[in-house]
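Data first, discussion second: the structure below is written as structure tokens.
2 protein chains.
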Amino acid sequence: MRRKSFEDMNCPIAQSLELVGEWWTPLILREVVILRSTRFDEIQTGLGIAPTVLARRLKHLVDAGLLERRQYHDHPPRFEYLPTEAARDFRPVLEALARWGRRWTPATDG
Amino acid sequence: MRRKSFEDMNCPIAQSLELVGEWWTPLILREVVILRSTRFDEIQTGLGIAPTVLARRLKHLVDAGLLERRQYHDHPPRFEYLPTEAARDFRPVLEALARWGRRWTPATDG
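Line order of the protein sequences matches chains A and B. In this text, residue positions in the first sequence follow the working numbering: the first is 1236, and each later residue adds one. In this text, residue positions in the second sequence follow the working numbering: the first is 1236, and each later residue adds one.
Shown next as structure tokens:
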């Protein structure tokens, strides 16, 4: 990503963006927290995101403490991503964003 | 920006990110809506952002209907960016993000 790091900015909005501001991340959190899609394949289908991009973003979210990775099938290996308390607590942000979107963006009903 | 467009996704969160999801944008809105810094130079100093990047993001926000550009000085020409109703209405999103950041990111007090 071509961007300056916000880590040194002493502002909770900047710090939040540092953790979850990347473009796809809020939509991945929407899948996991609101739509309860936790399996890699479900999230990938839900978003129409490239698997390599999704794998990278999920790893970032696991490292950031927002998701917990768990294997739910052995052969072949399959993984799901469970929201932590930090991720569940992000729900009001997604809801505020959705309310804003319903009012100020082209007609949506998601 | 290396990203897929969310314009075709029928979801208010995706549509909102399409308008304001870019990395710097929420911080620019924070300057204008919460800190009431409306002049180009103030915003630039507040964020420590490169002037060319800021100019591009401000133009995007004007085109998206979130800011209104107004010249406040003639010689030399100086511009300020006033929040529209859509931008002011984004405040709850910023506040939700700030609450989350205070709880889940390294100590901040902004």
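Yeah, the Cβ is synthetic: ideal placement off N, Cα and C, and Gly gets one too. Quick caveat, the model's predicted, so the values are computed rather than measured.
Short of 7 Å in beta carbon distance, which residues of its chain neighbour A:GLY1300, apart from the five on each side in sequence? Order them along the chain.
THR1319 and ALA1321
Does chain B have any CB closer than 8 Å to the CB of A:THR1280?
no
List the residues of chain A that B:ARG1291 touches, going by C-beta distances under 7 Å, in chain order.
By Cβ distance, chain A contributes nothing, its closest Cβ being about 12 Å from B:ARG1291, past 7 Å.
Whole beta strand (DSSP E) runs in the stretch 1255-1331 of chain B with 3 or more residues, listed along the chain?
1302-1308 and 1313-1318
Coarse secondary structure for A:PRO1247, derived from DSSP in three states:
helix
Can the beta-carbon of A:TRP1335 be found closer than 8 Å to that of B:ASP1298?
no
Exposed or buried, B:GLN1306, counting other C-beta atoms within 10 Å across all chains shown (16 or more means buried)?
exposed
A:ARG1323 at chain B interface by Cβ criterion, 8 Å:
no
Test: B:ARG1265 CB closer than 8 Å to a CB of chain A:
yes
Which chain B residues are close to A:SER1251, counting only those with a beta carbon under 8 Å from its beta carbon?
LEU1332, ALA1333, TRP1335, GLY1336, TRP1339 and THR1340
Are B:ILE1263 and B:LEU1329 touching if we call contact CB-CB under 8 Å?
no
Counting only beta-carbon atoms, is B:PRO1286 nearer than 8 Å to chain A?
no
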